[in-house]
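Mapped onto the numbering used here, the consecutive letters of the sequence shown carry residue numbers 1418 to 1581.
Worksheet: one structure, shown below.
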Amino acid sequence: MAERDLSLNADNGEQLLERVQGHLLWQAYQSFFAVIFWYFLLGPVAALAYRLLALASEHSQNPLVAERAGQLRHAFDWVPVRLLAASFALVGNFVAVGRVMLHELLNWDISAAQLVEKVGLAAAEIPPSALGPEGINSLDRLWELLLRAAVLWYAGFAIWTVLP
């Protein structure tokens, strides 16, 4: 089912759960948080440009275009993924996120997907190997973390809009 619906496959249940957790965090980031960030900062053209870069890097038939789009997308992702990490710290486990971000804050080489996964799992206090009902509960905790972060972003944007 995960392979059919999410294009994820794994050798065992633990690996599949890790991939589903990472997929949930990455999809929420790339389809919501990054788009909202660029829309708020520079308007609809920047949000559209971000999504077009994402589509080009993922689906391009030309490897040169996919590579160039991936590089530009990495640059586009650098600031919003770190702001999302800070949001996770505020709405999740601040100390655990601080430990992760201490090493990764200025690291240009880490991908946005890796960073959002590491920070999201730390913020939601997800143990490394949780299977069965605990594994399903971890997905619920990640979703709740994402909802709290979204509310924080909406509140921040509302305050920013009202103040000037």
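Heads up, the beta-carbon is just placed ideally off N, CA and C, and yes, glycines get one too.
Buried or exposed for W1455, going by 16 or more other Cβ atoms inside 10 Å?
Buried, since its Cβ has 16 or more Cβ neighbours within 10 Å.
The alpha helix (DSSP H) enclosing F1493, as first and last residue numbers:
Boundaries of the alpha helix (DSSP H) around F1493: 1480-1508.
Is it true that the stretch 1465-1474 meets the stretch 1503-1514, where meeting means three or more beta-carbon pairs spaced less than 8 Å apart?
no
Within 10 angstroms of its Cβ, does E1561 collect 16 or more other Cβ (buried), or is it exposed?
exposed
So, helix, strand or coil for P1545, using DSSP?
Correct three-state label for P1545: coil.
Quick one: measure Cβ to Cβ for L1559 and A1541, integer angstroms, because I've assumed they're closer than 8 Å.
5 Å
Which one of L1459, A1567, A1539 has the shortest CA to CA distance from G1439?
When only C-alpha atoms are compared, the closest one is A1539.
Measure the CB-CB distance between E1534 and W1443 and report whether it falls below 8 Å.
yes
Assuming F1450 and L1501 form a contact by the criterion Cβ under 8 Å, report the distance between their Cβ atoms to the nearest whole angstrom.
The C-beta distance from F1450 to L1501 rounds to 5 Å, short enough to meet the 8 Å contact threshold.
Where the alpha helix (DSSP H) through S1528 begins and ends
For S1528, no alpha helix (DSSP H) encloses it, and the DSSP letter there is neither H nor E.
Using 8 Å as the threshold, is the C-beta distance between G1537 and F1493 below it?
no
7 Å CB neighbourhood of L1489 in its chain, flanking five on each side removed
L1470
To which residues of the same chain is A1567 closer than 8 Å at the C-beta, ignoring the five residues directly before and after it?
F1449, F1450.
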